[in-house]
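*Asks:* Pasting in a structure now, in structure tokens, and then I'll have a few things to ask.
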Amino acid sequence: QAYALSLLSGQIFQGIGVWDKILPQIATYRQIRLSDAEYKGIVQFYPTDLDKEDLGYVGEHRPLLTSLYEFLADCPNVSWLCPAEVIEVEYQPSTAAITVQVAGATRKLTTRLVVAADGARSRIRTSAGISTKGWKYWQSCVTARIKTEKSHNNTAFERFW
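Start counting the sequence shown at 633; every next residue gets the next number (my numbering).
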């Protein structure tokens, strides 16, 4: 997996102090070229369009996550419970009580914010009564990692069919 990171993502990572570990492991792009099979033209974006030096960054999954995990491990105000399973969430007017199973032990946590990052069929989202609306949009994506003979010149290419 690879991620495209915006300039703002870089600023956020800089602000929390993890950017210096991430930046050497990712590529900067200074041009974007968009093309479509149905249209002969190419749309191009340059840093001068934003009055910036770069347009964004591309990085692989493992180095990004490793840097972020190491950062979180050093945060005194973060409790990292992974892997864990949410057993129950009890919602109160200003807090939520979450029962989790971690390393064979059951723990009960109280928090003011619950983030439902447990996938498309989120049990946490459903238990909070948050519904979704979905539809088929008949698109697919092919992602590839290639090695080119010539330099990519810090250009991100996107092709739509």
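Every residue, glycine too, gets a C-beta built ideally from N, C-alpha and C. This structure is a prediction, so every number in the text was calculated from the model and none was measured.
So ALA731 and THR742 are supposed to be a Cβ contact under 8 Å. How far apart are they, rounded?
*Replies:* By 1-based counting over the sequence shown, the position of residue 731 is 99. By 1-based counting over the sequence shown, the position of residue 742 is 110. The residue you asked about is not Ala; residue 731 is Thr in the sequence shown. Actually they are not in contact, since the Cβ atoms of THR731 and THR742 sit about 11 Å apart, beyond 8 Å.
*Asks:* Quick test of your reading: GLU790 and ILE664, contact by CB under 8 Å. State the CB separation rounded to the nearest angstrom.
*Replies:* Taking the sequence shown and counting its residues from 1, one reaches residue 790 at position 158. Taking the sequence shown and counting its residues from 1, one reaches residue 664 at position 32. So it is a contact: roughly 7 Å between Cβ atoms.
*Asks:* Assuming contact is defined by CB atoms lying nearer than 8 Å, are LYS684 and LEU713 in contact in what I supplied?
*Replies:* Working through the sequence shown from its first residue, we reach residue 684 at position 52. Working through the sequence shown from its first residue, we reach residue 713 at position 81. Not in contact: LYS684 and LEU713 (Cβ atoms no closer than 8 Å).
*Asks:* Pick from ALA748, GLY673 and ALA716: whose alpha carbon is nearest that of ALA735?
*Replies:* Here residue 735 is taken as the residue at index 103 of the sequence shown, counted from 1. Closest by alpha carbon: ALA716.
*Asks:* Just to confirm the assignment, what range does the alpha helix (DSSP H) spanning LEU713 have?
*Replies:* Taking the first residue of the sequence shown as position 1, residue 713 is located at position 81. Note, LEU713: premise wrong, no alpha helix (DSSP H); not H, not E.
*Asks:* Ends of the beta strand (DSSP E) at SER638?
*Replies:* Indexing the sequence shown from 1 puts residue 638 at position 6. From DSSP, the beta strand (DSSP E) with SER638 extends over 634-638.
*Asks:* Which partner residues of ASP668 appear in the DSSP bridge assignment?
*Replies:* For the purposes of this step, residue 668 is taken as the residue at position 36 of the sequence shown. In DSSP, ASP668 forms a bridge with TYR671 and PHE792.
*Asks:* Measure the C-alpha to C-alpha separation of PRO679 and LEU666 and round it to an integer number of angstroms.
*Replies:* Taking the sequence shown and counting its residues from 1, one reaches residue 679 at position 47. Taking the sequence shown and counting its residues from 1, one reaches residue 666 at position 34. If I take the Cα positions, the gap works out to 15 Å.
*Asks:* Out of GLN646, GLU781 and ALA729, point me to the one whose CA is closest to ALA760's CA.
*Replies:* Taking the first residue of the sequence shown as position 1, residue 760 is located at position 128. It is ALA729.
*Asks:* Along the chain, which unbroken stretches of the beta strand (DSSP E) at least 3 residues long are found entirely within the stretch 708-774?
*Replies:* Runs found: 716-723, 728-734 and 737-743.
*Asks:* Identify the continuous alpha helix (DSSP H) that holds TYR701 and give its terminal residues.
*Replies:* One-based indexing of the sequence shown puts residue 701 at position 69. Where TYR701 is concerned, the enclosing alpha helix (DSSP H) stretches over 693-705.
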